[in-house]
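Colleague: Just so it is clear: in the sequence shown, position 217 is 217 by the UniProt record's numbering, and no numbers are missing. I'd like to ask you about the structure that follows.
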Amino acid sequence: MEWRDITIQDLERMISKEDWENKLDEVQVSKNDLNNLVMNYLIIQGYKEAAEMFQNESGTKATVDLISIVDRMAIRSAIQRGDIEQGIEIVNDLNPEILDTNPQLYFHLQQQKLIELIKKGMISEALTFAQEELAPQCEENHKFLEELEKTISLLAFDDIAKSPLSSLVEASQRQKTASELNAAILVSQSHDKDPKLPTILKLLQWAQNNLDDKLTFPRLNINNNAELSTIDNNSDSDSMIE
């Protein structure tokens, strides 16, 4: 938007960066709430050493035993490198009820193990494993059958990395399985399964998008070091209004 195109109505809808920052300064946010938000993020993301340091420096008590983070990250690491058996073993040592009470999670772990066998070219072992371990679970829960059939279909392709089902053999599939297991462990420890900070940032983005229809104001650019800048609603570029 060029200054010559700005009307009186536009000016009435504008808030300067200085005025906006003054309004932000008037908002009272508890330091304790901020510290808990940081601790929540460190724990869920598995930053044990950072959580310990933050606890010592801020006096913010962790809501879980920080030692448990070591086991949780060992489990995540095992799944992400394709060692499903080790991941399951550590989970059962940590809390056997996690898998006993979550059949969908257990199926997905077994499905991931099947994928790893197929990736290694262990066709006979993969078919035997699918028949003995996964097929019975599909009889008890028919929604698993489609997922099993999709996984077995990988055997029909000479180059599975170039097949329509290639996403199953990518690192993102391991990450998906690891994240599902990580969330279940956190829930078993009476903790949030997702950090609160990303959710708050999404709410902030949503609020700013709604406010765009009413005002021209200095937005918080979340993807750019959380800097304040005004967004011209009629242009893709940023323009500062001092």
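C-beta atoms are modelled at their ideal positions from N, C-alpha and C, and glycine is treated no differently.
(1) Where I200 and S188 are concerned, what is the direct C-alpha to C-alpha distance, given to the nearest angstrom?
(2) Could you pull out every unbroken alpha helix (DSSP H) segment of at least 4 residues lying fully inside the segment 123–154, listed in chain order?
(3) Need the endpoints of the alpha helix (DSSP H) that P198 sits in, please.
(4) Near N141, what residues of its chain come up, given a Cβ to Cβ distance below 7 angstroms and the 5 sequence neighbours on each side ignored?
(5) Anyone know if the C-beta pair for L181 and I79 falls short of 8 angstroms?
(6) Throw me the rounded Cβ distance for the V38 and F54 pair, which I believe falls under 8 angstroms.
(7) Rounded to whole angstroms, what is the Cα-Cα separation between Q175 and E85?
(8) Is L66 near A51, with beta carbons less than 8 angstroms apart?
(9) I'd like to know if the segment 143–151 and the segment 111–120 are in contact, where contact means that at least 3 CB-CB pairs between them fall below 8 angstroms.
(10) Using the C-alpha atoms, what's the distance from P164 back to Q9?
(11) Can you list, in chain order, the residues of its chain with a C-beta nearer than 7 angstroms to that of T177? Leave out the 5 residues immediately preceding and following it.
(12) For W3, name the three-state secondary structure that DSSP assigns.
(13) Determine whether the beta carbon atoms of D194 and I44 lie at a separation below 8 angstroms.
(14) Can you give the Cα-Cα distance for P198 and A207, rounded to whole angstroms?
(15) Look at the Cβ atom of I185, then the Cβ atom of I98, and state whether they are nearer than 8 angstroms.
(16) Taking only the alpha-carbon atoms, compute the straight-line gap between G46 and M73 and give it to the nearest angstrom.
(17) Whole angstroms is fine: what's the gap from G121's alpha carbon to E132's?
(18) Looking only at its own chain, which residues have a Cβ that is under 6 angstroms from the Cβ of L94, when we skip the five neighbours before and after it?
Modeller: So, from the listed chains and residues:
(1) 24 angstroms
(2) 123–129, 135–140 and 143–152
(3) K196 to L211
(4) P103
(5) yes
(6) 6 angstroms
(7) 16 angstroms
(8) yes
(9) yes
(10) Residue confidence for Q9 is low, a pLDDT of 49 falling below 50, so the modelled location carries little weight and cannot support an answer.
(11) I79, H108, L109 and Q112
(12) Per-residue confidence for W3 stands at a pLDDT of 41, beneath the threshold of 50, marking its modelled position as unreliable; no derived number is given.
(13) yes
(14) 14 angstroms
(15) yes
(16) 6 angstroms
(17) 19 angstroms
(18) D71
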